[in-house]
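Take a look at the structure below.
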Amino acid sequence: MRRKVKKGYKRQKNVKKGGSKGEGLIDLVFSWSLADVLNKDLYKAKVKPIPEIFSSTKEYMDSFIYPLIEETHTGLFSSIQTVHRAPTREIWSVDIAEDFNPPMYLYYTISLNRKRDRHAASYEPKLGDLIALTEVRPNCMEDLQRPRSPYLIGLVHTVGECGSENMVIRASKAIVPGEYGYRRKYKKQRSLFVVYLTSMITNLRMWMALKSELEGRNMNVIDRVLQPDSTIEESCSKCLSEESNQAVKSIVENAMISSFKLDTSQWEAVSSCVATRQCHHQNTVKLIWGPPGTGKTKTVASLLFALLRIKCRTLTCAPTNIAVLGVTSRLMSLVNGALEYDTYGLGDIVLFGNGKRMEIDDHEDLFDVFLDYRVNALSSCLNSLTGWKHNVESMIRLLEDPEEMYRLYLEERKNEQNKGEEEEDTSFGNWMVISNEDKDEGIHQDSNDEGANRIWWRKIVQTWKENKKSEKEEEEERRRISRRKIVQPWKENKKSEKEEEEERSKRKRKLECDKREEKDDSTRSNKENGEKDEDLTATFEEFFMKRFKLIGNQLIFHTTDLYTHLPTAFISLEVVKKMIKALDLLKSIGAMYTRAVAIKSLREVLNGVDEVGNTTFEHFRNLSSSKTELVQILRFLPEILIHLPILNTSHNEIRSFCLQNACLIFCTASSSATLHTKGMRELELLVIDEAAQLIECESTIPLQLSGLRHAILVGDERQLPATVESEICQSAKFGRSLFERLVILGRKKHLLNVQYRMHPSISSFPNREFYESKILDGPNVKEQAHERRLLRGSMYGSYSFINVSQGKEELDRHSTKNLVEVAVVSKIVASLFKEYVASKQKLSVGCISPYKAQVFALQEKLGQTYNTDSYPDFSVDVRSVDGFQGGEEDLIIISTVRCNERGSVGFLSNRQRTNVALTRARHCLWILGDGATLINSGSVWKELVVDAKARDCFYDANDDKNLAQAVAGALVELNQLDTLLVTDSPLFRNMRWKVRFSDEFMKSIYGIRNIGVRKEVFSILQRLSSGYHRHGNENVLKMGGTYSQLLELYPVYEWLNLVWSVDIERESSMDIQVLKVWDVLPKAEILRLANHLDTVFGNYAIDKMNRCKCRSFEGYACMLAVSSFDIFSF
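Here UniProt numbering is used: position 297 in the sequence shown is 297, and no number is missing along the way.
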């Protein structure tokens, strides 16, 4: 039996007898048993290395099939291993869906329980999610397959529009409806949970691209990239004439590119790409090589600006949402600076994607081009009852015959009074409007200002969100009531339906009573003020001004939306000029009407000032002509809608219209599959930003778009490539980009050769090591202003390697961390914050590490301490190196983590990752690590340490007292006391007194488990070794023994004391005083120690005893021979 999909679903209609697109991969995943998923080598024998050269398109496409399957398998394997942390949700009901067609197409409608588990992540369904269905919330992978519940997975096929509780899935095995969830037939039957595993959406799109299942299947550009001969001319010989070159130069100059201050390499890159677009003789793939800081995004934005000016229909995509948002924002900054008529022209630019994943609400500068917002704005404008055309007609009627409008209002008002109704309605169609708009003094006076437009836009976005929220809340309330009716019979101590109905009736009666009381209070108040009920009817002046303000503001709002969001092909500049003129007239007329109301002469002014001879009306004489001109324009404007192919408010049609007619389109490479739609207008040019981070398999999605003639790949293969989970796929080069493969084959790439980010001392090493010294430093980074001294001391210059030799690397799950380096980073950041508070100089800090465990440790240590509203100009961003690609900060602190005798550095040795890490800083780069380990690694890090030493940029953390303190504190916490208790301990290396420890002290300090007590002991030792000494005899041990009087005490806590004395040690043929620490122990045990030391001191000669007693003081400092040291504590 088939059941229809519940109302509110956006059903996918591509399920046919032949199956849906991408089903080959889905069927394969469904065929895996749990044992298959856990078998790491399931496809090892079938995955072959992807070649660099291909003999045919089929070989090219087929070479990615098994690596894609293996990567999908590995992703699922990883998800299964961590299933105990996966988002889950209990299922409310399971029903057969309309597309149910066994045995292959097992589609089910699933409703999820609205109640979420507070102690676990709650699952929110998304299209393309791979999920598991289990009878229990899984605590381990074994819970996915129990005796009565075999391994069952599904793919989310559609998601309900009303909230996220409804979805249609395709299941790997049959489910018996009615036996699960709260709607199961029998109470004792089983519950069912949905468990999120992974997202399949991108892999499915790649599969469709490889299997030629995408609409269009344009292979022209792909055929071009398969040609192995690197000597193939990059540019068309027919387009290299002087005449063509002049034409391209003219295009670029006319596009105002000269105002963007491009350097020579950037200018040539833009010109070359524009010339490529002009070529219709061959398909071309261009490579633009953009090393760190060379203005790659600026160059791409400038190119897109030029393409926008010549109306070249272009798709710009990137591997990630962050990259897409970055290039779109840069383009918008150029476009907004060049707009001549408010926001007219933005309709030619579209950004689309998942707004939630993009976090689009944090990018206000992109609201005007984001597709979802645009669709809602145009839908509102085109609404026949409340939209732009309705408001135009309403304004014309009001201006031409206000008396007739008022008469109709009075008639309606009279009818309402006769019926005893007094309703206040804020809808556009009613004559009397009581709303917040009435509070405005007039029509919005700054509607053409950029700031005002954004305010208006935020209003529509906010209104749209509130409406969505309201609709969702209403739907949730209906569902809650419905579920309550089902669940109530099974619950104890619950009200019956009759009782609940009575309660609802009581609430309704109370609400009506409150309304009557409110009305009575209002009536009484009016009577107290001498008013009558009929006075609620608006006067002519009140009616006209409220009506004028409301319609006028809506007209401004919708008119601005129209010329902002409609493509320029459907709204000419002349029309926009008339629109803006109409808005100016509207505001001018509104100001005059407001003035007329103030002098109580609105009716006379509306009747025409020419008939009035009074000089009071002199400034109203232009009103009549302005009103006539405004009405003429308003009558003309609706004609523009006749030519629009969208005359209704269907969101799907408006969405298609916007994509069909946009000039520049922005999305991720994966999302470009959306453009593979039947009837989609052809594209001319493809620009892939961050192309070296996009696996070649994924680039085949946009490369097959219909009509595509040329592709421009922008990236840097010497930075990090795409992330690939499977080690088998890594070995097979599945993560290699098309950009990198073409470079390997010797394809020419245009180098952007000037960097504008890094101080020269920072760029020096990576430029030489990774770019053969081809990159020049821009004039801005050579200026004195680009050099910043953030902390005192030479260690904290523009570039430093800070040696942390006492670090301790430890394995945390599958990653590595070094808590000593964490402590050093924390101390540096604390010092930076202290300086910021004093100087108020803006500073952004990035703390990065190649290892996830170190990143988590840093985040835990630093927390949100420095990212507060109280200090907006001081920010600390902690991320992995991979997560920082494309980012930059004023200061970057790198924690390299590794510290071992073997010189093992693991994937830290990756040159691409190292390149990214070293090129994120603008003003200062401080690298923390164990120099000995890095030198022994034989990797690029050896070269870095050697270079730092050669440039006198190599420093030891123990040379800074604050960092030495941080190191010591970390070692105490880690119980690594051996490092602190050796003869050349870094803790006492630069102190006045040398410190020696007895065996008894060593045993006692290890016996203290309290970290706080340990830190206090070492803090006291630092004070004593710096020369600190309390005057008086209260710290001298007073006992009967002669020699025990040499001992001194220092209280640690009430119950614990540090026992020490001055001893003599021979060094370089000289006797010197040293601080001898005998023990730390309770006072009750000191007598035993003193008796023991009497024997020890009894062997001292009298001369030695006297030298032990010899002291000289400067204040509280016990002197030896060197200058005093600062005292610090943990």
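The beta carbon of each residue, even a glycine, is placed where N, CA and C say it ideally should be.
Outcome for residue i when other beta-carbon atoms lying within 10 angstroms are tallied against a minimum of 16
| i | result |
| --- | --- |
| Cys1110 | exposed |
| Arg898 | buried |
| Ser379 | buried |
| Ser1004 | buried |
| His281 | exposed |
| residue 1131 | This structure leaves residue 1131 out entirely; the chain is present only between 1 and 1130. |
| Cys140 | exposed |
| Ser302 | buried |
| Leu414 | What sits at residue 414 in the sequence shown is Lys, not Leu. Exposed is the call here. |
| Ala171 | buried |
| Arg217 | exposed |
| Ile599 | exposed |
Residues bridged to residue i (per DSSP)
| i | result |
| --- | --- |
| Ile815 | Before going further, note that residue 815 is Ser rather than Ile in the sequence given. Asp812, per the DSSP bridge assignment. |
| Thr198 | Leu130 |
| Ile1072 | Glu1065 |
| Tyr1050 | Leu1058 |
| Gln755 | Asp777 |
| Arg89 | Val194 |
| Leu928 | Ile802 and Ser895 |
Expected contact under 8 Å - CB spacing of residue i and residue j to nearest Å
| i | j | result |
| --- | --- | --- |
| Val324 | Phe666 | 6 Å |
| Lys286 | Ile712 | 5 Å |
| Leu862 | Ser826 | 6 Å |
| Ala691 | Gln719 | No, Ala691 and Gln719 are not in contact; Cβ-Cβ is about 11 Å, not under 8 Å. |
| Val1052 | Val1080 | 6 Å |
| Gly22 | Leu192 | Actually they are not in contact, since the Cβ atoms of Gly22 and Leu192 sit about 26 Å apart, beyond 8 Å. |
| Ser909 | Ser939 | 4 Å |
| Leu76 | Leu197 | 6 Å |
| Gly347 | His565 | 5 Å |
Candidates the options: closest to residue i by CA position
| i | options | result |
| --- | --- | --- |
| Trp388 | Leu634, Ser212 and Tyr151 | Leu634 |
| Thr628 | Cys663, Leu1087 and Ile589 | Ile589 |
| Lys949 | Val94, Asp960 and Ile935 | Ile935 |
| Glu1016 | Leu366, Glu973 and Thr983 | Glu973 |
| Ala968 | Asp1071, Gln841 and Gly807 | Gly807 |
| Thr294 | Ile1064, Leu791, Thr328 and Gly715 | Gly715 |
| Arg1009 | Asp999, Leu977, Leu987 and Leu1093 | Leu977 |
| Ile153 | Gly160, Asn220 and Val29 | Val29 |
| Gln912 | Phe557, Glu717 and Leu315 | Glu717 |
| Phe874 | Glu835, Glu821 and Gly906 | Glu835 |
| Gln632 | Phe657, Asn1057, Leu583 and Ser671 | Leu583 |
| Ala120 | Thr88, Asp95 and Asp129 | Thr88 |
| Ala921 | Ala823, Arg757, Asn975 and Val878 | Arg757 |
| Leu981 | Lys1076, Ile1072, Leu112 and Ser895 | Lys1076 |
Contact set for residue i: own chain, Cβ-Cβ below 6 Å, skip 5 residues either direction
| i | result |
| --- | --- |
| Glu531 | Residue placement at Glu531 is poorly supported in this model, since its pLDDT is 46, which falls under 50; the coordinates still yield a value, given next. Hits under 6 Å: none found. |
| Tyr771 | Pro291 |
| Ile893 | Val825, Cys847 and Trp926 |
| Val1074 | Lys994, Arg996, Asp1063 and Glu1065 |
| Glu698 | Met206 and Ala669 |
Residues near residue i by beta carbon distance below 8 Å, same chain, minus five either side
| i | result |
| --- | --- |
| Pro49 | Ser731, Ala732 and Lys733 |
| Ser33 | Tyr151 |
| Leu398 | Met405, Phe544, Arg547, Phe548 and Ile551 |
| Arg148 | Glu135 and Arg190 |
| Lys942 | Leu934, Ile935 and Asn936 |
| Glu810 | Thr816, Lys817, Asn818 and Leu819 |
| Leu38 | Phe77, Ile80 and Met141 |
| Arg357 | Asn321 |
Own chain partners of residue i with C-beta closer than 7 Å, once the 5 adjacent residues on each side are dropped
| i | result |
| --- | --- |
| Val876 | Val829, Val845, Cys847, Leu862, Tyr866 and Asn867 |
| Asn958 | Ala964, Val967, Pro986 and Arg989 |
| Ile640 | Ile571 and Val575 |
| Ile65 | Leu210 |
Any C-beta of chain D under 7 Å from that of residue i
| i | result |
| --- | --- |
| Ser272 | Among the chains in the structure shown there is no chain D, since it carries only a single protein chain. |
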